[in-house]
Structure formats: structure tokens, C-alpha cells
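So the number in my numbering is just where the residue sits in the sequence shown, counting from 1, plus 31. Note that CB positions come from ideal geometry on N, CA and C, so glycine has one too. Notes for the one structure printed next.
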Amino acid sequence: MQFIFYIITKYLYYQINNLSLQLISLFLGFFFCNIICSIPKQTGDWGLTTAFCIVSINEVISYLIYSHNHYRYNIFAKTINLIKIGIIYGLFVDSFKLGS
């Protein structure tokens with residue numbers, strides 16, 4: 032009975048640690064997006080270059096992660112992908128702020 036309890040608690044502990052890493056990665060991407068979007072606003076002439084860099088990096092990361100199956104189960108690749116998703120989410124939130 033103790034062995035079953037040990038296995039269940041170990042599994043739940045792993046899932047909670049995995050969830051916290053995923054949330055931190057998502058929020059870190061959102062934070063990076065706020066930094067990336069606020070720097071070109073100060074100068075005004077780097078908007079196109081910044082957009083090109085964001086889209087290019089996004090496409091390269093998506094190609095690497097989604098084209099090879101062995102990257103889907105790598106924790107480092109998942110973290111980078113979640114940071115990328117946080118950046119995309121931050122861009123959408125920033126565009127909604129500009130639209131209102």
C-alpha cells in the first residue's frame with residue numbers, strides 16, 4: 032500500500048513541477064514580449080526590423096520542434112516552445128491594447 036502511495040505522490044510531484052515550469056516559461060515569454068515591444072516604441076524606426084526578427088525566430092523554432100518527433104518530448108524544447116507561445120500571446124494582447 033505504501034508503494035502505491037509513493038508512486039502516486041511521485042507522479043503528482045512530477046506533474047506539479049512540470050506545470051510550474053510550463054507556467055513560468057509562458058509568463059517569461061509574455062515578459063519578453065513586453066520588453067521586445069516597448070523598446071522599438073521609444074525609437075519608432077525599428078518596428079519593421081523587430082517584427083521581421085520575431086517572425087523569423089518564431090518560424091525557425093516552430094520548424095525545429097514540429098518537424099522532428101524527438102524534440103516534442105525534450106523538456107528544453109518544450110520550454111523554448113512555451114516561451115515562443117508566450118511571446119505570441121503577448122503580441123496579441125499588445126495589439127488589443129493598441130486597438131482599443
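The distance from the Cβ of L113 to that of C64 is about 13 Å, inconsistent with a contact at the 8 Å cut-off.
In the displayed model, N105 falls within coil according to three-state DSSP, outside both helix and strand. For N89, the enclosing alpha helix (DSSP H) covers residues 78-98.
By the neighbour-count criterion, in which a residue is buried when 16 or more other Cβ atoms sit within 10 angstroms of its Cβ, K115 is buried.
C84 counts as exposed, since fewer than 16 other beta carbons sit within 10 angstroms of its beta carbon.
The C-alpha of I70 lies about 27 Å from the C-alpha of A108. If you draw a 10 Å sphere on the C-beta of G130, you find fewer than 16 other C-beta atoms in it, and that means exposed. Taking all protein chains in view, the Cβ of I118 is crowded by 16 or more other Cβ atoms within 10 Å, so the residue is classified as buried.
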